[in-house]
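So the structure is just underneath, and the comments pick up after that.
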Amino acid sequence: MLTRLKSLLVVLGLGLCCLGLGGLSGLVLPPAQAVWAASGAASGVTSGAAAVGGTTGAQSATDDPADAEGELQALYRDLDDLYQRAFIATDQGDFVTAEALWDQAIERMPSNPATWSNRGNARVSQFKLEAAIADFDQAIALAPNQPGPYINRGTAWEGLQQWERAIADYNQGLTLDPEDFIAFNNRGNAEGGKGDWEAARDDFYHAAELARGVALPNINYALTLYQLGEKTEGTRKIRNLVRRYSQAADPRAALTAVLWDQGLTGEAESNWAAAVNLDRRYKDINWVRNIRRWPPRLADALERFLTLESTPTPPGSND
477 MLTRLKSLLV
487 VLGLGLCCLG
497 LGGLSGLVLP
507 PAQAVWAASG
517 AASGVTSGAA
527 AVGGTTGAQS
537 ATDDPADAEG
547 ELQALYRDLD
557 DLYQRAFIAT
567 DQGDFVTAEA
577 LWDQAIERMP
587 SNPATWSNRG
597 NARVSQFKLE
607 AAIADFDQAI
617 ALAPNQPGPY
627 INRGTAWEGL
637 QQWERAIADY
647 NQGLTLDPED
657 FIAFNNRGNA
667 EGGKGDWEAA
677 RDDFYHAAEL
687 ARGVALPNIN
697 YALTLYQLGE
707 KTEGTRKIRN
717 LVRRYSQAAD
727 PRAALTAVLW
737 DQGLTGEAES
747 NWAAAVNLDR
757 RYKDINWVRN
767 IRRWPPRLAD
777 ALERFLTLES
787 TPTPPGSND
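Numbering (my numbering), first residue to last: 477 to 795.
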């Protein structure tokens with residue numbers, strides 16, 4: 477499960493990658509030799525045949541068994557190096573380089589579904605959404621029983637605001653893995669996108685229960701409580717998240733919004749200073765609304781704070 481978090485668009489400084497409120501999943505990448513065996517079985521091809529036209533790069537140019545084995549081992553080493561460099565580039569936010577490295581891995585071994593899915597992730601992080609969907613389609617064709625590519629394709633559909641298609645992919649991911657917290661979190665995100673915040677709350681709750689130590693679903697659940705008018709409980713959870721994840725900007729920025737909404741202007745300004753020191757993007761309300769995609773009640777409150785609009789809710793009327 478943790479390997480699935482090593483994909484894209486690290487927006488919150490939380491150790492979880494996401495587009496909006498969602499997260500990207502990835503197929504686990506074991507060493508290349510194991511990947512070759514697994515991908516061949518998943519796609520119904522043998523190690524001597526390419527899944528997507530041309531040769532795999534694993535076919536030997538010689539009939540000598542020793543030479544063939546040496547070429548295979550060299551290929552596996554090259555692929556392992558490409559995988560590691562691609563993940564390092566991803567962790568550093570260099571998605572252009574990551575995409576180029578996945579290009580090379582696909583060229584060398586096109587029958588590996590994990591490389592298609594991970595290149596799709598790199599493309600999502602650059603908002604190349606249609607191209608990413610094509611990559612996820614290929615990964616699904618090669619490994620139809622893996623939840624990761626469905627979840628990732630759902631995230632791309634979210635970027636296109638195709639909420640029902642996104643939800644359908646998350647449903648399929650959950651059919652394949654009913655305890656995948658990323659799928660629950662992302663389905664909640666898509667439900668919020670279409671305005672169904674009650675369903676979103678339930679999915680964020682399930683995601684948070686499955687991943688108690690992961691920040692993003694817990695933050696999403698707290699923000700959704702506030703959106704639904706459960707302001708006291710939402711505020712309490714946001715405060716707890718600020719303490720628990722002291723180096724994360726998102727809960728601090730959210731606390732700024734709810735404090736301003738409640739008329740606690742001094743405390744709001746104090747939390748804001750810490751939030752923007754961690755991530756200045758929260759100063760851009762369009763980014764908050766359209767990329768991070770906060771629930772509208774929180775985004776509206778933050779916008780009032782940013783414009784110093786003196787219309788916060790009076791203290792004592794949290795619910």
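Idealized CB from N, CA, C, for every residue including glycine.
| said: L652 and Q614 - do their beta-carbons sit closer together than 9 Å? | reply: no
| query | Alpha carbon to alpha carbon, how far is P541 from L551? | reply | 15 Å
| message | Less than 9 Å between the C-beta atoms of K713 and Y697, yes or no? | response | yes
| field | Short Cβ contact (9 Å threshold) for G668 with R756 | value | no
| query | P779 to E745, Cα distance in whole Å? | reply | Pro is not the amino acid found at residue 779; the sequence shown has Glu there. One C-alpha to the other measures close to 13 Å.
| request: Count the other C-beta atoms from every protein chain shown that fall within 10 angstroms of the C-beta of G649, then say buried if there are 16 or more, exposed otherwise. | output: buried
| said: The alpha helix (DSSP H) that contains I767, what's its start and end? | reply: That residue, I767, is in no alpha helix (DSSP H); it is neither H nor E in DSSP.
| Who are the near neighbours of A750 in its chain, counting only those whose CB is closer than 7 Å to its CB and skipping five residues on each side? | R728
| query | K604 by DSSP, collapsed to three states: which one? | reply | coil
| task | Determine the DSSP secondary structure at E743, reduced to helix, strand or coil. | result | helix
| said: Going by C-alpha to C-alpha distance, which of F680, L784 and D567 sits closest to W736? | reply: L784
| What distance in whole Å lies between the Cβ atoms of A725 and L754, which are believed to be in contact at a cut-off of 8 Å? | 4 Å
| To which residues of the same chain is G496 closer than 7 Å at the C-beta, ignoring the five residues directly before and after it? | Because the pLDDT at G496 is just 43, under 50, the model does not fix this residue reliably, and the point stays unresolved.
| Of all the alpha helix (DSSP H) runs that stay within the bounds of the region 543–604, which reach a length of 4 or more residues? | 571–584 and 589–601
| task | For E575, count neighbouring C-beta atoms within 10 Å of its own C-beta (all shown protein chains included) and say buried if the count is 16 or more, exposed if not. | result | buried
| field | Residues near R719 in its chain [Cβ-Cβ closer than 6 Å; skip 5 each side] | value | none
| request: Rounded to whole angstroms, what's the CA-CA distance from F571 to I695? Just pull it up for me. | output: 25 Å
| message | What would DSSP say about P541, mapped onto helix, strand or coil? | response | helix
| query | Candidates A590, D672 and D678: which alpha carbon is nearest P620's? | reply | A590
| Start and end of the alpha helix (DSSP H) containing Y758? | That residue, Y758, is in no alpha helix (DSSP H); it is neither H nor E in DSSP.
| said: Restricting to Cα atoms, I'd like to know which of A598, H682 and N762 is closest to D656. | reply: H682
| task | Return the chain-ordered list of same chain residues with a C-beta closer than 6 Å to the C-beta of Q703, the five sequence neighbours on each side being excluded. | result | W673, P771 and R773
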